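I have placed the structure first, in the form of C-alpha cells, so that the comments after it can refer back to it.
Numbering (my numbering), first residue to last: 12 to 534.
Here you go:
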C-alpha cells in the first residue's frame with residue numbers, strides 16, 4: 012500500500028462522524044505544541060459535526076454522543092441562579108445567551124470565536140444551556156445533550172403549572188426541600204433586597220398571595236396572546252411579573268429565596284425611573300402605579316376589565332360640596348351658598364383600594380416624660396365611608412366638603428392607612444396603631460341601602476399586612492402573610508422568613524392590608 016493510500020485512509024477516519032476525536036490530554040497546556048494540537052483537535056471536531064449535520068439529505072441526524080455526554084457529572088447546581096438578567100457577562104448582549112452549568116456565568120453564542128466557546132476551551136467547562144430554547148449543548152464539541160436528568164434545571168429556569176396543580180395550591184401545607192437543603196413553603200419565600208427595594212418586595216409578596224391574581228399569572232397562556240402596539244414596553248411588566256409568580260410558587264427551587272432583579276429592572280424601565288432599586292420608595296405609591304400599569308398592559312381600560320379590576324375594583328358614591336373662600340364676609344358666603352355652583356353634587360366612582368385617614372398624633376409627652384403611642388379602632392377610621400361623615404379637602408384655589416358611601420364591594424379589599432404627610436420641609440410619620448380584627452371585618456353598614464340588599468356577603472378576612480418600621484426616609488418594610496394550606500401566619504422581611512402569632516400582627520404599624528371577601532364566588 013502506497014503512502015498516498017495511507018493518507019487517504021487517515022483523512023476518511025477523521026471525517027467519519029462516528030470517529031469523534033477525543034480531547035487531547037496535555038501535560039503542558041500553554042506550550043506551542045499543545046496549542047497546535049488543541050487547534051487541530053478543534054478543527055477535526057468541527058468537521059465531524061458538519062458531516063453529521065449534512066447526513067440524511069437535510070434531515071437533522073441525532074449525534075451519537077447526545078445521550079452519552081461524559082461531562083454531565085461536572086454540572087454544579089449549587090451555583091446556578093437564573094433570577095438575574097439574561098445577558099452575556101462579557102459582551103452584555105441579550106442575544107443568544109448560554110449559561111455555563113459548571114460556574115453559572117452567562118456567555119453569548121456557541122460557535123467558533125464566541126464567548127461561550129472560548130470559555131469552554133479556556134476553563135474546560137463543557138455543559139451549556141441556551142436560556143431561550145432551553146436546550147443543552149456540549150462545547151467545544153458543539154453537540155446537543157439529551158438527558159432526562161437535566162429536566163430539574165429547565166424547570167427552575169422556566170417553571171410550569173397545570174390547572175390541577177394550581178387548584179391545589181391553597182389546600183396543602185407540605186414543606187419542600189430545596190437543592191441547598193433548606194425547607195420552604197411555596198409562596199412563603201423571601202425576596203432579595205438588592206439595595207433599597209424592600210418597598211416593592213412587600214407589595215409583590217402581598218399580590219403573590221392573592222389567589223385570583225396569582226392563578227392568572229401562573230399560567231402564561233392567560234396573557235401570552237394579548238396584543239400590544241409595536242414598541243410598547245409596558246407588556247414587559249406583565250411578563251416579568253408572571254415569571255416572578257412562577258418562581259415564588261415553584262416547588263422545585265434550588266434555593267429557598269428568589270431575587271426580583273428582572274422584575275425590578277422592568278419596573279425601573281416602565282416607570283421611567285420613578286421607582287428605583289437603589290433608592291427607598293413609598294409602598295403605597297408603588298402599589299398605585301403598579302396596579303394601574305398592570306391593568307393597562309393587560310389591555311384593560313375604564314370600560315374593559317382585566318384581572319386587576321376583577322380582583323380589586325369596587326365602587327362608591329362621592330358627595331361633594333364647594334365651600335366659599337374663607338376671606339369672604341358672612342353675607343357673601345350665604346349668597347354664594349344659595350347658588351347652584353355651591354350645591355352638593357353626587358358622582359359615581361370606582362376604586363382599587365381605600366385610603367383610611369388617621370387622627371392627628373399628639374405633639375406633647377405625658378407626665379412620665381414619655382411619648383404616648385395613640386391607638387384607634389379600625390371601625391373609627393372606616394367611618395369616612397358611612398355616607399354622613401364630612402371631611403374638608405383643600406386644593407390650590409378651592410375648598411370642598413366631601414363624604415363617601417360604598418355601592419359595591421370588591422372580591423379583594425385593599426386598605427391603605429395614611430401614615431405619611433408631606434409639607435414644604437420634610438415628611439412626617441403618624442405612629443398611631445390601628446386596632447383591627449384579623450377576621451370578620453363587616454362593611455355592611457358602609458354600603459348604600461340598595462347595595463345592602465344586593466350584596467350577599469360583606470365580611471373580609473385578612474391575608475396580607477404590610478408594615479413600615481422606623482423613620483419616614485430611613486425606615487424598612489416587612490409583611491405578614493397567611494398561608495392558606497397550613498393556616499399559619501408568616502413574617503417576611505427581605506430573605507428572612509419566620510412564623511408569627513396572629514396576636515402580634517395587630518401590634519404593628521400597619522400600612523397596607525389585603526383581605527378577601529368571605530364565601531365570594533365572583534372569580
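Every residue gets a Cβ at the ideal spot worked out from N, C-alpha and C, and that includes glycine.
Since we're looking at a predicted model, the values are computed, not measured.
C-alpha gap between residue i and residue j, whole angstroms
i, j, result
"residue 116", "residue 104", "13 Å"
"residue 143", "residue 459", "53 Å"
"residue 456", "residue 397", "7 Å"
"residue 298", "residue 427", "10 Å"
"residue 122", "residue 318", "44 Å"
"residue 314", "residue 302", "16 Å"
"residue 311", "residue 483", "34 Å"
"residue 480", "residue 198", "23 Å"
"residue 290", "residue 388", "33 Å"
"residue 148", "residue 138", "6 Å"
"residue 210", "residue 343", "49 Å"
"residue 86", "residue 136", "9 Å"
"residue 422", "residue 361", "14 Å"
"residue 499", "residue 510", "7 Å"
"residue 119", "residue 145", "14 Å"
"residue 518", "residue 350", "49 Å"
"residue 278", "residue 287", "8 Å"
"residue 358", "residue 371", "29 Å"
"residue 100", "residue 140", "15 Å"
"residue 89", "residue 81", "20 Å"
"residue 475", "residue 220", "8 Å"
"residue 513", "residue 449", "8 Å"
"residue 405", "residue 337", "12 Å"
"residue 180", "residue 230", "13 Å"
"residue 263", "residue 133", "33 Å"
"residue 392", "residue 386", "11 Å"
"residue 204", "residue 503", "12 Å"
"residue 84", "residue 242", "44 Å"
"residue 232", "residue 332", "48 Å"
Cβ neighbour criterion (16 or more within 10 Å) applied to residue i
i, result
"residue 320", "buried"
"residue 252", "buried"
"residue 285", "exposed"
"residue 161", "buried"
"residue 339", "exposed"
"residue 131", "buried"
"residue 113", "buried"
"residue 238", "exposed"
"residue 236", "exposed"
"residue 324", "buried"
"residue 152", "buried"
"residue 306", "buried"
"residue 268", "buried"
"residue 159", "exposed"
"residue 225", "buried"
Cβ separation of residue i and residue j, assumed to be a contact under 8 Å, to the nearest whole Å
i, j, result
"residue 257", "residue 316", "That belief does not hold up - the Cβ atoms of residue 257 and residue 316 are roughly 24 Å apart, past 8 Å."
"residue 417", "residue 515", "Contact doesn't hold; Cβ gap of about 30 Å is too wide."
"residue 154", "residue 77", "6 Å"
"residue 334", "residue 248", "That belief does not hold up - the Cβ atoms of residue 334 and residue 248 are roughly 41 Å apart, past 8 Å."
"residue 280", "residue 234", "Wrong, their Cβ atoms sit about 18 Å apart, outside the cutoff."
"residue 508", "residue 201", "5 Å"
"residue 191", "residue 266", "5 Å"
"residue 462", "residue 408", "Going by Cβ atoms, the distance from residue 462 to residue 408 rounds to 34 Å, so no, they are not a contact pair."
"residue 465", "residue 454", "Actually they are not in contact, since the Cβ atoms of residue 465 and residue 454 sit about 14 Å apart, beyond 8 Å."
"residue 186", "residue 194", "5 Å"
"residue 329", "residue 425", "Not really, about 18 Å apart at Cβ, beyond 8 Å."
"residue 452", "residue 399", "So it is not a contact: roughly 20 Å between Cβ atoms."
"residue 304", "residue 223", "Between residue 223 and residue 304 the Cβ distance is about 18 Å, and since that is not below 8 Å, they are no contact."
"residue 184", "residue 497", "4 Å"
"residue 429", "residue 415", "That pair is no contact at about 14 Å."
beta-carbon residue i near the ligand ATP non-hydrogen atom, thresh 7 Å
i, result
"residue 398", "The ligand ATP is not part of this structure, which contains no ligands at all."
Please list the segments of the alpha helix (DSSP H) lying wholly inside the segment 103–139, counting only runs of 4 or more residues, in order along the chain. 126–134
Stretch-stretch touch, CB-based, cutoff 8 Å, three pairs: the segment 206–217 with the segment 489–500: yes
Runs of beta strand (DSSP E) wholly within the segment 453–493 (minimum 3 residues, chain order): 475–480
Just checking, does the segment 357–373 make contact with the segment 440–452 on the three C-beta pairs under 8 Å criterion? yes
Would you check if the segment 93–108 and the segment 170–189 touch, i.e. whether three or more CB-CB distances between them fall below 8 Å? no
Could you name each continuous beta strand (DSSP E) segment of 3 residues or more that falls completely within the segment 156–194, going from the start of the chain to the end? none
With a cut-off of 8 Å, do at least 3 Cβ pairs link the segment 430–437 to the segment 343–354? no
Which runs of the beta strand (DSSP E) at least 3 residues long sit entirely within the segment 380–418? Give them in chain order. 386–388, 402–405
May I have a chain-ordered list of the alpha helix (DSSP H) segments no shorter than 4 residues that lie completely inside the segment 216–284? 222–229, 232–235, 246–259, 272–281
In chain order, what are the residue ranges of uninterrupted alpha helix (DSSP H) at least 4 long that sit wholly in the segment 281–332? 294–308, 318–323
Just to confirm the assignment: which complete alpha helix (DSSP H) runs, minimum length 4, are found wholly within the segment 340–377? 341–348
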